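Structure, as structure tokens:
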Amino acid sequence: MAEQILIVEDEADLAQTIAFNLEKEGFRPLVVGTGTAALERIRGPKPPDLVVLDLMLPDISGTEVCRQLRQDSGTRRTPVLMLTAKTDPIDRVVGFEVGADDYVTKPFSVRELVLRIRAILRRTEGTSAPEPESLRFGILRLDFEGHRVWVEDEEVVLTALEFRLLKTLVQRRGRVQTREVLLNHVWEMSGDVTTRTVDTHVRRLRKKLGPASSYIETLRGVGYRFQSEPGITDAS
């Protein structure tokens, strides 16, 4: 069955344009105009496969809608693509901090929007399955139970914190992780820890991973992202 895409947009003309194009691409679009209606629909018996969420809504903001979705165990895995006219980098940071999977600014190409939706759906397919005991990603292999890591079948010794950082990035591969999000999840926001600490540990982790270090991408001004699929690595 075609994936259902919930479009949360209060501009009726834009919402219908998006819906029309998504339907042409084989999706099942559904439009609502408020954050409240979106939350009710997503928390219903048949949640959508992905949410296209406008940041500026007439009742509650898109960031608050996303935050509530991520705090609810029943909806935290629902993919969210934020859609907004705001272009300030801080808005992108806030969007990623509350758990958005991607971010598109207006005006945008409908074709680009469709491609981004497909990319998110590919990345999130099967994420509700139980966590595997191990994972192989290109030349990198992780043993989650044993807290062990291999690069090109040679074991790499990581500290407990470095392993937790790598595991977090790998499990959320394809999604941007801000420094603040990593602080919250890996360090649990210890009072003596700053965002500079994240950069220092990522730098040390990359050095230990050697040729697999290129899997970790830096997004200047935002944070880090583990590649969604293994590419060609470069030991330099």
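Take the sequence shown: its position 195, counted from the start at 1, is 576 in the numbering used here, and no numbers get skipped.
All residues carry an ideal CB built from backbone N, CA and C; glycine is no exception.
Predicted model only: the values in this text are computed from it and were never measured.
- Rounded to whole angstroms, the separation of the alpha carbons of Ala-593 and Ala-500 is 23 Å.
- Bounds of the alpha helix (DSSP H) holding Gly-416 are 416-423.
- Under the criterion of beta carbons closer than 8 Å, Leu-462 and Leu-434 qualify as touching, at roughly 7 Å.
- Here Val-562 has Phe-477, Glu-478 and Gly-604 as same chain residues with Cβ atoms under 8 Å from its own Cβ, once five neighbours each way along the sequence are excluded.
- Between Leu-387 and Ile-441, the gap from beta carbon to beta carbon reaches 8 Å or more.
- One thing to note: Leu-546 has its Cβ no nearer than 8 Å to the Cβ of Leu-600.
- A buried status is given to Gly-443, since no fewer than 16 other beta-carbon atoms sit within 10 Å of its beta-carbon.
- In the displayed model, Pro-439 falls within coil according to three-state DSSP, outside both helix and strand.
- C-alpha of Phe-607 to C-alpha of Val-389: approximately 28 Å in a straight line.
- Nearest to Arg-560 by C-alpha distance, out of Gly-602, Arg-451, Glu-533 and Gly-416, is Gly-602.
- Taken in chain order, the whole alpha helix (DSSP H) runs of length 4 or more contained in the region 546-607 are 560-563 and 576-590.
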